[in-house]
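In our numbering, the protein residues as written are 80 to 307.
Before any comments, here is the structure.
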Ligand code: SF4
């Protein structure tokens, strides 16, 4: 008769590792609940960009700069459709004063610090520096049948989650509308230039956005040659 086998001893549990910043303790209210920070402590924003304005506002801004209102529509097409801010490519604008007009309407908002790619290039992570030195990221991901972009809407985060390094740093500031949109335009530029692995996109895209606390995810469905 064989002895019944004993159950194996339960493995020792490894201690939980938390990304605790040295000396950081979670801010709590008098009842012990984590304090959330919704107000932006740093309120400075970058200079006004075309993407901060609706079309009427862009036309008014163009006229303030001494050019006809329709120049705002041309600039919008270059920026939103062609994903370019390069005056040399905007040959439908008069050469004289073009660079000054582009500098005023499309001031640079994001300085690229680093761009990381997975081996197949199907995920690209961008690290951006903003005008005040704050650092934010956006991540472009290729999936079968769609492309998703996560963009930052805040520098830091005020939700104070104890397990998260971003939460431990607190909220630096909210991004301007144009700083958020510019991440989308930069990602579109990367796609248009063929940087993203997988199949090339067509003109038909339908961006959809969903929000988490400090970032937005943009999804577009692309026709694809593989997967669903
Ligand atoms: S980034 Fe997400 S996990 Fe981190 S503190 Fe904010 S809400 Fe919490």
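Built from N, CA and C at the ideal position, the CB exists for glycine as well.
These figures come from a predicted structure and were not determined experimentally.
Please state whether the Cβ-Cβ distance between residue i and residue j is less than 9 Å.
| i | j | result |
| --- | --- | --- |
| residue 228 | residue 263 | yes |
| residue 275 | residue 219 | yes |
| residue 157 | residue 144 | no |
| residue 150 | residue 172 | yes |
| residue 115 | residue 267 | no |
| residue 254 | residue 234 | yes |
| residue 129 | residue 257 | yes |
| residue 231 | residue 270 | no |
| residue 120 | residue 214 | no |
| residue 152 | residue 140 | no |
| residue 186 | residue 223 | no |
| residue 161 | residue 252 | no |
How should residue i be labelled, buried or exposed, when 16 other C-beta atoms within 10 angstroms of its C-beta is the threshold for buried?
| i | result |
| --- | --- |
| residue 309 | Residue 309 is absent from the structure shown; the chain starts at 80 and stops at 307. |
| residue 164 | buried |
| residue 308 | Residue 308 falls outside the range modelled here, since the chain spans only 80 to 307, and no answer is possible. |
| residue 118 | exposed |
| residue 277 | buried |
| residue 190 | exposed |
| residue 109 | exposed |
| residue 247 | buried |
| residue 221 | buried |
| residue 93 | exposed |
| residue 91 | exposed |
| residue 174 | exposed |
| residue 182 | exposed |
| residue 285 | In this predicted model, residue 285 has a pLDDT of only 44, less than 50, meaning its place in the structure is not dependable enough to derive any value. |
| residue 265 | buried |
| residue 261 | buried |
| residue 192 | exposed |
| residue 80 | Since pLDDT at residue 80 reaches only 49, below the 50 mark, its modelled position is unreliable, and the value read off the structure follows with that caveat. When all chains shown are included, residue 80 counts as exposed. |
Is residue i close to chain B, meaning its C-beta is less than 9 Å from at least one C-beta of that chain?
| i | result |
| --- | --- |
| residue 104 | Absence of chain B from the displayed structure is noted, only one protein chain being present. |
Alpha helix (DSSP H) segments (min. 4 residues) lying fully within the stretch 211–251: 244–248
Which residue spans inside the stretch 168–212 form an unbroken alpha helix (DSSP H) run of at least 4? 177–184
Of all the alpha helix (DSSP H) runs that stay within the bounds of the stretch 139–166, which reach a length of 4 or more residues? 149–155
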